[in-house]
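One structure is given below, encoded as structure tokens.
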Amino acid sequence: MSFTVRKDDAKGVVVIGVDGQLIVGNRHDLKKKVLDSMEAGEQKFVIDFAETGYIDSSGLGVLVSLSKKIREAGGDLRLAGLNDDLHTLFELTKLDTLFTIMGSVEEAVGAF
Amino acid sequence: MTAPLRLYVRRRETDVTDDDGHSVQISLRVPTDLDVVEETVDLVARHCLASGVAPRAARFVVRVALCEALANAIQYGNRMDPSKRVDVKVEVGVDRVSLQVRDEGTGFDPASIPVPTEPDRIDLDQGRGLFIIRQLMDEVTFNERGNSICMIMLRG
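From first to last, the protein sequence lines stand for chains A and B.
Its first residue numbered 30, the first sequence is counted upward by one per residue in my numbering.
Its first residue numbered 84, the second sequence is counted upward by one per residue in my numbering.
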């Protein structure tokens, strides 16, 4: 499992891909990548779950925490690429009401 | 360095008849280390797949529920004490998959855990694990002490 970070320069959006799982064992790695980018002045983020197997409650918790921090800094976090199972997880926990969830990275980046 | 996972696999007869008249039971003793959660979950999911559990159920429902139960056992049950272990028992039967996770902690009262989808809790960054387990599995029970959870998924 790993995280990939790239920047869409045209829109000024940082896109982080979650390759594998976002769970209790690696959630801090994602948090660090986002916080490091914020330190460097970034404010617009998309997290891409197209290559993600599953997310646990710790992973969801990190997303909630990061979303708050980014909003407080005047930025925005969007989620993209969720499969049906991951969508279900967000719906069950009602976190689909807390996040902006878009179909694809391109759509999420383009909407900034 | 983390101790390697110890896995025991045994087949035993069930009282329910199916094609081969067997269920499969596996047992694992897992160290109190969050870094081994993913490996444990993957191992159990592969075993469920190999035992004929539907791919979506094995790859998602089993993985998420077991991940939550293991994380709770390690963090809140054993309180990260490396001298303690978590015992996992998985039984793949004809009509159900049973996952049991037992820690060495003092236990807790599952009724004391608030619902995380209430408006005043929705933006908290923790407290969703047991709720997710209850949503994904068909039956969830605890022992009296509260240090062992049994999660059952019916095979439909």
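A virtual CB, placed ideally from N, CA and C, is assigned to each residue, including glycine.
- Here the alpha carbon of Gly176(B) sits roughly 11 Å from the alpha carbon of Ile235(B).
- Residues of chain B with a Cβ closer than 7 Å to the Cβ of Asp85(A) are, in chain order, Val147, Cys150, Glu151, Ala154.
- The beta carbons of Leu124(A) and Phe78(A) sit no closer together than 8 Å.
- Sorting Lys73(A), Lys61(A), Ile84(A) by C-alpha distance to the C-alpha of Ala39(A) places Lys73(A) at the top.
- Non-local C-beta neighbours of Asp164(B) in its own chain, meaning closer than 7 Å and more than five positions away in sequence, comprise Thr115, ordered along the chain.
- For Asp208(B), the closest Cβ of chain A is nearer than 8 Å.
- Taking C-alpha positions only, Asp221(B) is separated from Leu237(B) by approximately 6 Å.
- Boundaries of the alpha helix (DSSP H) harbouring Asp125(B): 120 to 133, taken from the DSSP string.
- Its Cα nearest to that of Arg56(A), the residue Tyr83(A) stands out among Thr129(A), Arg107(A), Ala69(A), Tyr83(A).
- Annotation: Cβ neighbours of Leu117(B) in chain A (cutoff 7 Å, chain order): Val53, Gly54.
- Chain B places a beta carbon closer than 8 Å to that of Ser94(A), counting this residue as a contact.
- Going by DSSP, Leu106(A) is part of the beta strand (DSSP E) stretching over 105 to 109.
- Distance from the CA of Leu132(B) to the CA of Ala148(B), rounded to the nearest whole angstrom, comes to 16 Å.
- DSSP places Ile196(B) in the coil class of the three-state scheme, outside both helix and strand.
- Going by DSSP, Gln50(A) is part of the beta strand (DSSP E) stretching over 42 to 51.
- Per DSSP, Thr122(A) is not a residue of any beta strand (DSSP E), being assigned neither H nor E.
- A residue is called buried once 16 or more other Cβ atoms fall within 10 Å of its Cβ, and Leu153(B) is buried on that count.
- Asp58(A) and Arg228(B) have their C-alpha atoms some 35 Å from each other.
- At a cut-off of 8 Å between beta-carbon atoms, Phe225(B) makes no contact with chain A.
- By DSSP's assignment, Phe32(A) forms a beta bridge with Val47(A).
- Using a CB distance cut-off of 8 Å, Pro165(B) does not count as an interface residue toward chain A.
- Using a CB distance below 8 Å, the part of the region 113 to 139 of chain A facing chain B consists of Asp114, Leu118, Leu121, Thr122, Lys123, Leu124, Thr126, Leu127, ordered along the chain.
- Pairing Val180(B) with Ser110(B) gives a Cβ-Cβ distance that is not under 8 Å.
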